[in-house]
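Going left to right, the sequence shown walks through residues -28 to -1, 1 to 188 as mature numbering (1 follows the signal peptide of the UniProt record, and there is no 0) numbers them.
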Amino acid sequence: MARLSRRVPCTLLLGLAAVLLKARLVPAAARAELSRSDLSLIQQQQRQREEAEEERPEVPGASSTAAAPVSVFMLKVQVNDIISRQYLSQAVVEVFVNYTKTNSTVTRNNGAVLIRVPYKLGLSLTIIAYKDGYVLTPLPWKTRRMPIYSSVTLSLFPQNQANIWLFEDTILITGKLADAKSQPSVQFSKALIKLPNNHQISNVTGYFYSKEVNKL
């Protein structure tokens, strides 16, 4: 009984030591696991930042962490009457970049308007101007370099009445000018227009365009 009583405290001490050792090892393992998780998360975030910086376009003079600014240039449009050369106020001016309308405004009393145009080099750009009583005038525009400022003039033709001749196979339209030698005329096949079988022509409106491309 004496020996048994002396062994019991030893057994208890060994069990207590094992419990304490296990208690110390478990938090250490947990801390190690937590440290590995944090390191993995930090490395993943670092890789994401490096990939984002590689995909971001570089802008001269800008910080690598700053977003690339939108390219914008100032465009002045002057609208005149092509015959009288007078300024046309309240004329509508629209800008199309890559066949999408980006700007729409009207001219002031001096026939001019200043527009901030968002533009990316290589895209098509078209400026149009129109007003009641005038023919709509487009201006396709191209450039090999990104401009800072540009000024263009659009001269609008006033609408004029004309003579129309309808034949069996052709249609002839001539202008109403005193000088028959210089009057404009156009002739085209009647098959180009679709007319109903029973029809009476009372009014015809036609526009003629001369395409001109400006290059810088």
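Backbone N, C-alpha and C define an ideal beta-carbon position, used for all residues, glycine too.
How about residue i and residue j: do their beta carbons lie closer than 9 angstroms?
i, j, result
"residue 158", "residue 130", "no"
"residue 110", "residue 99", "yes"
"residue 122", "residue 92", "no"
"residue 76", "residue 69", "no"
Out of the options, point me to the one whose CA is closest to residue i's CA.
i, options, result
"residue 163", "139, 172, 156", "139"
"residue 83", "169, 146, 132, 103", "103"
"residue 56", "128, 148, 166, 114", "128"
"residue 165", "88, 174, 143", "143"
"residue 112", "97, 105, 156", "97"
"residue 49", "69, 70, 88", "88"
"residue 71", "77, 46, 54, 94", "94"
"residue 45", "73, 53, 54, 86", "86"
"residue 74", "53, 81, 148, 47", "47"
"residue 167", "141, 120, 148", "141"
"residue 160", "137, 174, 54, 148", "137"
"residue 67", "58, 124, 105", "124"
Return the Cβ separation of residue i and residue j in integer angstroms, given the expectation that the two are a contact with Cβ distance under 8 angstroms.
i, j, result
"residue 146", "residue 132", "Residue 146 to residue 132, Cβ: 11 angstroms. No contact."
Span of the beta strand (DSSP E) holding residue i?
i, result
"residue 50", "44 to 53"
"residue 140", "Premise fails: residue 140 is in no beta strand (DSSP E) and is neither H nor E."
"residue 88", "84 to 90"
"residue 107", "It is not in any beta strand (DSSP E) - residue 107 carries neither H nor E in the DSSP assignment."
"residue 75", "72 to 78"
"residue 160", "157 to 161"
"residue 125", "121 to 128"
Excluding sequence positions up to five away, which residues of its chain have a Cβ less than 7 angstroms from the Cβ of residue i?
i, result
"residue -3", "With a pLDDT of only 46 at residue -3, under the threshold of 50, the placement of this residue in the model should not be trusted; the figure read from the coordinates follows. There are no such residues."
"residue 54", "127, 128, 129"
"residue 148", "132, 133, 134, 135"
Going along the chain, which residues of its own chain have a beta-carbon closer than 6 angstroms to the beta-carbon of residue i, five neighbours each way excluded?
i, result
"residue 51", "60, 63, 79, 83, 101, 126"
"residue 81", "61"
Grab me the residues of residue i's own chain with a C-beta within less than 8 angstroms of its C-beta, minus the 5 sequence neighbours each way, in chain order.
i, result
"residue -6", "With a pLDDT of 46 at residue -6, under the threshold of 50, the predicted position of this residue should be treated as unreliable, though the coordinate-derived value follows. The answer is none, since no qualifying residue turns up."
"residue 120", "45, 46"
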